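Reading through the structure tokens given below for one structure.
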Amino acid sequence: MELAGRPNVADYFPLLKWFDPQGLRRKTQFHVNKAFDIVGAFLKERIEKRQNEGGGMKKEKDYLDVLLEYGEVDSGCFQKFSSTAINVVVFEMFTAGTDTTTSTLEWAMAELLKNQKLLEKVQHEIRSVIAQGNKITEKDIDNLPYLKAVINETLRLHPPLPFLVPHMAMKSCNMFQYDIPKETQVLVNVWAIGRDPNAWKDPLEFKPERFVESNTRLDYKGQHFEYLPFGSGRRMCHAVPLVSRVLPLALGSVLHSFDWALPDGIRAEALDMRERMGITLRKQIALKAIPMALKA
């Protein structure tokens, strides 16, 4: 992800791509091949396990089981999903999903630790719905509106990708008195959109309540153009259904199971919230937080 986020001079002078002056293509290809080898070995192990167990439909399936079942040859000898395609999908899930998910969770925890009242509020909601000792499940998420609001507000203020994946203008057009020629590369700055004072009240403040009190019930599914952390339309991030499950479960679990504090010597109001720009939006200084066992 770091290599992919570095400026590439060949993007601006296409002729240079054949020379790879920065060595980015060579280094990236090395890491991609290594990652595919790891994913391939993982897939081979799962396929062998399924064969040893006799295959068939399982009651409890994970993401990979679904892909493998969809990739099996049906009665008409038609394979819906090739092993190569499955390899690519799993590779993309790990590369594109891991960094974005962890950065969002880190920002959410940082904002909550910086705002102790908000931390106490979301923990109270979680612990009033889920008894101590029980695990949070997908069925619980709909009963935790403030937890979902915390995640939504984190995605607004700290989108996983500050710029969406590049698009291209299909035809020449004029927007806001700017002429945009056909086939121009278009980058959508969702970081700036989420902080636009014309669209948001107190845009630089972390206020999950705005997603609870909103009459329009803003969501990140691409229908509200002031809030597009995952894009919109046919080219929006296809992992939104996965994200909508993983983020609440992950954040809710750590908030439910532990109390949290900053290390000694770090005051909440002085917590460093500077950003490090790249393909993903990370904290410049990694968050350090101390989990504490709940009092009986």
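Under the numbering used here, think of the first position of the sequence shown as -19, with each following residue one higher. Using N, Cα and C, we set each Cβ at its ideal position, and we do this for glycine too. Since we're looking at a predicted model, the values are computed, not measured.
Report task. Could you tell me which residues DSSP puts in a beta bridge with Phe238? Result -> Here residue 238 refers to the residue found at position 258 when the sequence shown is read from its first residue. Bridge partners of Phe238: Ala273.
Query raised in the report: Run through DSSP, which three-state label would Glu25 get?
Result: Your numbering for residue 25 matches position 45 in the sequence shown. Three-state result, Glu25: helix.
Query - Contact test: Ala273 Cβ vs the ligand COA heavy atom, cutoff 7 Å - result: You won't find the ligand COA in this model; it holds no ligand whatsoever.
Report task. Check Glu72 in the structure and name its three-state DSSP category. Result -> By 1-based counting over the sequence shown, the position of residue 72 is 92. Note: Glu72 maps to helix in three-state DSSP.
Requested in this report: Grab me the residues of Leu89's own chain with a C-beta within less than 8 Å of its C-beta, minus the 5 sequence neighbours each way, in chain order.
Outcome: Start at 1 with the first residue of the sequence shown, and residue 89 comes out as number 109. A quick correction: the sequence has Met, not Leu, at residue 89. Within the same chain, Met89 has close Cβ partners Leu231, Val234, Trp240, Leu267 and Ala269.
Query raised in the report: Would you call the segment 142 to 160 and the segment 205 to 221 touching, i.e. three or more CB-CB distances under 8 Å?
Result: yes
Query raised in the report: So which of Leu4, Thr84 and Leu167 has the shortest CA-CA distance to Lys263?
Result: Position 283 of the sequence shown holds residue 263. When each option's Cα is compared against that of Lys263, the closest is Thr84.
Query raised in the report: Would Glu133 be called buried (16 or more neighbouring beta carbons within 10 Å of its own) or exposed?
Result: Within the sequence shown, the letter at position 153 stands for residue 133. Under this definition Glu133 is a buried residue.
Report task. Write down every uninterrupted run of the beta strand (DSSP E) in the segment 70 to 156 whose length is 3 residues or greater and which is fully enclosed by it, in chain order. Result -> 153 to 155
Query - Neighbour-count burial assignment, Gly56, 16 or more Cβ in a 10 Å radius - result: Here residue 56 refers to the residue found at position 76 when the sequence shown is read from its first residue. Caution is warranted here: a pLDDT of 49 is assigned to Gly56, below 50, making its placement in the model unreliable, and no coordinate value can be reported.
**Report entry** Residue(s) in a DSSP beta bridge with Glu206
**Finding:** Reading the sequence shown from its first residue, position 226 is the one you call residue 206. Answer is none; Glu206 lacks a bridge partner.
Query - For Ile173, the first and last residue of its enclosing alpha helix (DSSP H) - result: By one-based count along the sequence shown, residue 173 stands at place 193. Looking at the DSSP string, the run of the alpha helix (DSSP H) that includes Ile173 is Val170 to Ile173.
Query raised in the report: How about Phe205 and Leu198: do their beta carbons lie closer than 8 Å?
Result: The sequence position of residue 205 within the sequence shown is 225, counting from 1. The sequence position of residue 198 within the sequence shown is 218, counting from 1. It is not a contact, given that the beta carbons lie outside the stated cut-off.
Report task. Name the two residues that bound the continuous beta strand (DSSP E) containing Tyr158. Result -> Sequence index remark: in the sequence shown, residue 158 carries index 178 (1-based). Tyr158 -> beta strand (DSSP E) spans Tyr158 to Ile160.
Report task. Find out if the Cβ-Cβ distance for the pair Pro228, Leu127 is shorter than 8 Å. Result -> Indexing the sequence shown from 1 puts residue 228 at position 248. Indexing the sequence shown from 1 puts residue 127 at position 147. Contact flag set, yes.
Query raised in the report: For Gln264, which three-state DSSP category applies?
Result: Looking up residue 264 in the sequence shown gives position 284. In this structure, Gln264 counts as coil in the three-state DSSP scheme.
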